[in-house]
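Undergrad: In the UniProt record's numbering, the protein residues as written are 1 to 196. We put the CB at the ideal spot given by N, CA and C, even for glycine. Treat the numbers as computed from the prediction; the structure is a model and nothing was measured. Mind looking over this structure? Questions follow.
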């Protein structure tokens, strides 16, 4: 009933429920985005995204983006926000190669994204990024990674994850088939993926 009074800005929370509606709206944008799936085996990480156009006259937008030689992302939600975060990630990877002469560890990159996405949730006049990311990366020391990031600035290390529209059925399939995917090599994972 009083929801409209408390959804004008991200720094305003509802005193009745304690929720921040702007963050919930950003999370809903991720749920409305096209589905994307990521999973890892012991040796590889795979991202798959559903490309769909809004209409027959519209062009497809890229849903899987290259960040660095060892990192790629798949997006669900607002594409403009995803491009902004992708450019930030690319710059951080370049800085690491220039300053330290080594690739930026995937977990450190995800931590930086978490810090960057939290800033708009705390400042007046900003809005949360309306995009969810699946980040696939490979580190020499720790192997493959799949991370999920949310507009609320939370991030999770996953074995398999699906985000976007109708992603719950894909998550259910991945949970049932997870043990089979762990032993897959490069040739077997992608063929099983479209069924999810």
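Below 8 Å, how does it come out for the stretch 30 to 44 and the stretch 95 to 109: are there three or more Cβ pairs, yes or no?
TA: No contact exists between the stretch 30 to 44 and the stretch 95 to 109.
Undergrad: According to the Cβ coordinates, are residue 90 and residue 68 closer than 8 Å?
TA: Locating residue 90 in the chain shown gives position 90, counting from the first residue. Locating residue 68 in the chain shown gives position 68, counting from the first residue. Yes, the Cβ-Cβ distance between residue 90 and residue 68 is below 8 Å.
Undergrad: According to DSSP, simplified to helix, strand and coil, what is residue 125?
TA: Here residue 125 refers to the residue found at position 125 of the chain shown. Of the three classes helix, strand and coil, the one that applies to residue 125 here is coil, per DSSP.
Undergrad: Express the C-alpha separation of residue 114 and residue 149 in angstroms, rounding to a whole number.
TA: The residue you call residue 149 lines up with position 149 of the chain shown. The residue you call residue 114 lines up with position 114 of the chain shown. For residue 149 and residue 114, the distance between alpha carbons rounds to 7 Å.
Undergrad: Do you know how far the Cα of residue 126 is from the Cα of residue 170?
TA: Translated into the one-based positions of the chain shown, residue 170 becomes position 170. Translated into the one-based positions of the chain shown, residue 126 becomes position 126. Cα to Cα, the separation comes out at about 33 Å.
Undergrad: Nearest CA to the CA of residue 185: which residue from 144, 175, 18 and 31?
TA: For this step, residue 185 is matched to residue 185 along the chain shown. That would be 144, whose Cα lies nearest to the Cα of residue 185.
Undergrad: Please report the distance separating the alpha-carbon of residue 93 from that of residue 108.
TA: Within the chain shown, numbered from 1, the residue matching residue 93 stands at position 93. Within the chain shown, numbered from 1, the residue matching residue 108 stands at position 108. Each residue's alpha carbon lies about 10 Å from the other.
Undergrad: Starting from the C-beta of residue 59, find all residues in its chain whose C-beta is less than 6 Å away, skip the five residues before and the five after it, and write them out in chain order.
TA: Position 59 of the chain shown, counted from the start, is the residue given in the question as residue 59. Counting only Cβ-Cβ distances below 6 Å, and skipping sequence neighbours, we find nothing.
Undergrad: Give every residue of the same chain whose Cβ lies closer than 6 Å to the Cβ of residue 26, excluding the five residues on either side of it in the sequence, and list them in chain order.
TA: By 1-based counting over the chain shown, the position of residue 26 is 26. 128, 130 and 151, listed in sequence order.
Undergrad: Reducing DSSP to helix, strand and coil, say where residue 158 ends up.
TA: Your numbering for residue 158 matches position 158 in the chain shown. Residue 158 falls in the strand class under three-state DSSP.
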